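Engineer: At position 5 of the sequence shown (counting the first as 1) the number is 17 in the working numbering, and the numbers step up by one without a gap.
Have a look at this one.
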Amino acid sequence: MPTKHLQVGSPSKTVYPMNLLDSYSNRLPYVFAFLVTSNVVIDLLQLNPGGSSLDHINPTVRFLVWALVKYAYIIIGGLVFYPLLLCITYSNFLTDVLGFVFTCNWFAMYVYIYTLCPVGSREGILNGLSYIPSLISCLGLACFFLWRIVRRLQRRCMKLRNRNFSLVEDGTDNRLMKSHYVERVKYLLRRDDKRHGCLVYEPNGQMKRLALWIYPTFAGFRYSTRIVCTFGLSLIVLYQMSIIYITRTLIIFQDLVLQFVTTSPEMTKFFETIRLAFHLSSYPAICISFINCILLLRNYRENTRELWKGDRSRFRNRTRAPHSIIVSCLSFSSFSVAYTFYGFLVLQIVLWIIMSCVVAIIRYNFLIQLLDHYWSHIFLIVLLIVIQQLLARFVLLDRKTKGALVINNRHLFNIIIHFFFFLTSSSSASWEVFFA
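In structure tokens, the structure reads:
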């Protein structure tokens with residue numbers, strides 16, 4: 013999809029920020045633009061609108077005002093960076109210069125914020141970690157616009173040197189021949205045995221083969237601009253919101269520890285255990301959420317390839333109305349970003365509960381005490397399970413049938429089931445005593 017050109021004398025039309033339907037160009041600059049926008053929106057959402065001036069209002073009305081202000085913050089953040097997306101989409105000398113000046117302005121502002129951050133303090137570390145993606149994104153966008161300006165000047169100089177210079181030597185438009193859609197059609201027309209296991213090529217080396225087996229690629233199935241922006245926005249929201257969530261939770265625990273340190277030493281030890289479990293659960297939850305984002309890209313490419321092949325086995329055959337499909341397209345990116353963060357939140361809470369139990373068992377020697385008192389119950393239960401496996405494999409099953417399910421001795425089978433009614437009940441009672 014070629015880059016659009018915004019001309020002053022062109023007919024009036026709706027100016028859109030980016031093509032989210034069939035665009036595969038300028039994907040990384042769009043991701044950088046969304047990263048900077050999300051950072052500003054998250055900063056605005058952390059503000060407390062109204063403060064104590066809204067305390068006299070009805071709680072329902074107060075919540076409505078609070079929600080409207082938050083939505084207004086999101087719209088303001090989108091409007092502030094709307095021109096940046098226009099400069100990326102509509103390529104000419106004016107938009108490139110404006111985009112370069114715009115990004116340099118924000119880059120200078122983030123550098124100034126870093127100079128104001130108190131070194132070594134919690135606030136300074138939090139701001140430093142939060143603004144690193146925005147700083148890198150502004151630098152990347154500035155380099156992108158500068159590269160387009162330099163390339164445009166080089167082409168202009170070449171045209172001045174050669175008046176008959178043409179980008180297409182044979183007089184034909186070869187943009188279609190260079191499109192990835194041509195590679196996609198060529199890939200789909202191949203036989204299955206010519207696709208090398210559905211890979212683009214047969215890689216050389218064990219590591220490359222392992223990497224392509226874990227994360228396969230297909231010719232002509234590049235990631236669209238929308239899915240790349242969704243992936244990048246999910247990662248930055250996960251990164252920034254997890255930092256805010258972890259920092260604020262640790263501040264609450266520190267206040268609780270300081271409150272109970274003089275009154276109840278046992279409560280202080282309890283909160284220290286909970287805080288240790290919080291650390292042990294937060295960072296694995298972030299890693300798992302990041303892997304889920306990677307799997308989102310993999311599944312997107314797999315499902316797109318199967319749809320182009322006509323394979324709808326993974327999808328429901330229920331016919332959907334056109335407006336329902338449009339609604340799904342409108343909400344796909346936002347739901348994906350929200351799923352990433354709230355999935356991390358739910359996963360972290362579940363892991364927090366599990367790790368709290370594990371840390372408490374290890375710190376207070378619960379596991380050693382339980383094994384010391386109830387090791388015989390565990391041994392009998394394991395022995396019962398082993399006896400079941402041995403009877404099923406060597407006594408009750410006819411092994412001459414080569415894998416078929418044939419009972420060798422039905423009378424003995426019924427007798428064993430009769431006694432296992434009581435044995436299973438006794439083992440369940442042993443587990444209840446064990447956990448009592």
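Idealized CB from N, CA, C, for every residue including glycine.
Bear in mind that the values here come from a model prediction, so they are computed numbers and not experimental data.
#1: Are at least three pairs of beta-carbons, each pair with one atom in the segment 234-248 and one in the segment 346-360, less than 8 Å apart?
#2: Are the Cβ atoms of Met-367 and Ala-289 separated by less than 8 Å?
#3: Please determine if the segment 43-59 and the segment 85-102 are in contact, where contact requires at least 3 C-beta pairs separated by less than 8 Å.
#4: Is Tyr-83 helix, strand or coil when you go by DSSP?
#5: In chain order, which continuous runs of the alpha helix (DSSP H) of length 4 or greater are located wholly inside the segment 70-151?
#6: Just the Cα atoms here: how many angstroms apart are Gly-21 and Leu-158?
#7: Along the chain, where does the alpha helix (DSSP H) containing Val-394 start, and where does it finish?
#8: Does Val-339 pass the burial test, meaning 16 or more other C-beta atoms within 10 Å, or should it be called exposed?
#9: Do you know how far the Cα of Leu-270 is from the Cα of Met-279?
#10: Ile-419 bridges to which residues according to DSSP?
#11: Is the beta carbon of Met-253 closer than 8 Å to that of Phe-406?
#12: Using 8 Å as the threshold, is the C-beta distance between Thr-49 and Gly-89 below it?
#13: Just to confirm, does Phe-431 get its C-beta within under 7 Å of one of the non-hydrogen atoms of the ligand MN?
#14: Return the first residue and the last residue of the alpha helix (DSSP H) that Gly-355 is part of.
#15: With a threshold of 7 Å on Cβ separation, who are the neighbours of Val-146 within its own chain once the five nearest residues in sequence on each side are excluded?
#16: Look at the alpha carbon of Ser-37 and the alpha carbon of Tyr-312, and state the distance between them as a whole number of angstroms.
#17: Exposed or buried, Ile-429, counting other C-beta atoms within 10 Å across all chains shown (16 or more means buried)?
#18: Select from Asn-329, Ile-393, Leu-395 and Ser-35 the residue whose C-alpha is nearest the C-alpha of Phe-233.
#19: For Gly-183, does the three-state DSSP call read helix, strand or coil?
#20: Here's the rule: buried if 16 or more other CB atoms are within 10 angstroms of the residue's CB, otherwise exposed. What is Val-162?
#21: With DSSP run on the structure shown, which of helix, strand or coil describes His-291?
#22: Using beta-carbon positions only, say whether Pro-41 and Ile-100 come within less than 8 Å of one another.
#23: Where Cys-341 and Phe-431 are concerned, what is the direct C-alpha to C-alpha distance, given to the nearest angstrom?
#24: From Leu-247 to Asn-70, what does the alpha carbon distance come to, in whole angstroms?
#25: Could you tell me the distance, in whole angstroms, from the CA atom of Ala-166 to the CA atom of Tyr-251?
Structural biologist: On the basis of the data shown:
#1: Here the segment 234-248 makes contact with the segment 346-360; the two share three or more CB pairs at distances below 8 Å.
#2: Locating residue 367 in the sequence shown gives position 355, counting from the first residue. Locating residue 289 in the sequence shown gives position 277, counting from the first residue. Yes, the Cβ-Cβ distance between Met-367 and Ala-289 is below 8 Å.
#3: Judged by Cβ distances under 8 Å, the segment 43-59 makes contact with the segment 85-102, as three or more pairs qualify.
#4: As a working note, residue 83 is residue 71 in the sequence shown. DSSP places Tyr-83 in helix when its eight states are reduced to three.
#5: If one requires a minimum length of 4 residues, the alpha helix (DSSP H) runs lying completely within the segment 70-151 are 71-92, 94-101 and 105-128, in chain order.
#6: Locating residue 21 in the sequence shown gives position 9, counting from the first residue. Locating residue 158 in the sequence shown gives position 146, counting from the first residue. Interpretation of Gly-21 is limited by its pLDDT of 44, a score under 50 that renders its predicted location unreliable; no figure is taken from the coordinates.
#7: Start at 1 with the first residue of the sequence shown, and residue 394 comes out as number 382. That run of the alpha helix (DSSP H) goes 378-402.
#8: Residue numbering aside, residue 339 sits at position 327 when the sequence shown is read from its first letter. Exposed is the call here.
#9: Residue 279 sits at position 267 when you count from the first residue of the sequence shown. Residue 270 sits at position 258 when you count from the first residue of the sequence shown. Cα-Cα distance, rounded: 11 Å.
#10: Position 407 of the sequence shown, counting from 1, holds the residue named residue 419. Answer is Leu-409.
#11: Start at 1 with the first residue of the sequence shown, and residue 406 comes out as number 394. Start at 1 with the first residue of the sequence shown, and residue 253 comes out as number 241. No.
#12: Stepping through the sequence shown from its first residue, residue 49 is reached at position 37. Stepping through the sequence shown from its first residue, residue 89 is reached at position 77. Contact flag set, yes.
#13: No copy of the ligand MN appears in this structure; indeed no ligand is present at all.
#14: Taking the first residue of the sequence shown as 1, we reach residue 355 at position 343. Unbroken alpha helix (DSSP H) run through Gly-355: 334-375.
#15: Translated into positions along the sequence shown, residue 146 becomes position 134. Before going on, a small fix: residue 146 reads as Ser here, not Val. In its chain, beyond the 5 residues on either side, Leu-47, Val-48, Asn-51 and Tyr-122 have a beta carbon closer than 7 Å to the beta carbon of Ser-146.
#16: For the purposes of this step, residue 37 is taken as the residue at position 25 of the sequence shown. For the purposes of this step, residue 312 is taken as the residue at position 300 of the sequence shown. Going from the Cα of Ser-37 to the Cα of Tyr-312 covers about 18 Å.
#17: Along the sequence shown, one-based indexing puts residue 429 at 417. Ile-429 counts as exposed, since fewer than 16 other beta carbons sit within 10 angstroms of its beta carbon.
#18: Locating residue 233 in the sequence shown gives position 221, where the first residue counts as 1. When only C-alpha atoms are compared, the closest one is Ser-35.
#19: In the sequence shown, residue 183 corresponds to position 171, counting from 1. Annotation note: pLDDT 46 at Gly-183 (below 50); position unreliable, coordinate value reported separately. Reduced to three states, the DSSP call for Gly-183 is coil.
#20: Within the sequence shown, the letter at position 150 stands for residue 162. Per the 10 Å Cβ criterion, exposed.
#21: Stepping through the sequence shown from its first residue, residue 291 is reached at position 279. His-291 sits in a helix when the DSSP states are folded into three classes.
#22: The residue you call residue 41 lines up with position 29 of the sequence shown. The residue you call residue 100 lines up with position 88 of the sequence shown. Yes.
#23: The residue you call residue 341 lines up with position 329 of the sequence shown. The residue you call residue 431 lines up with position 419 of the sequence shown. Straight-line spacing of the CA atoms in Cys-341 and Phe-431 works out to 59 Å.
#24: Walking along the sequence shown from the start, residue 247 turns up at place 235. Walking along the sequence shown from the start, residue 70 turns up at place 58. Rounded to the nearest whole angstrom, the CA to CA distance from Leu-247 to Asn-70 is 38 Å.
#25: If you number the sequence shown from 1, residue 166 lands on position 154. If you number the sequence shown from 1, residue 251 lands on position 239. Note that residue 166 corresponds to Gln in the displayed sequence, not to Ala. Straight-line Cα distance between these residues: approximately 39 Å.
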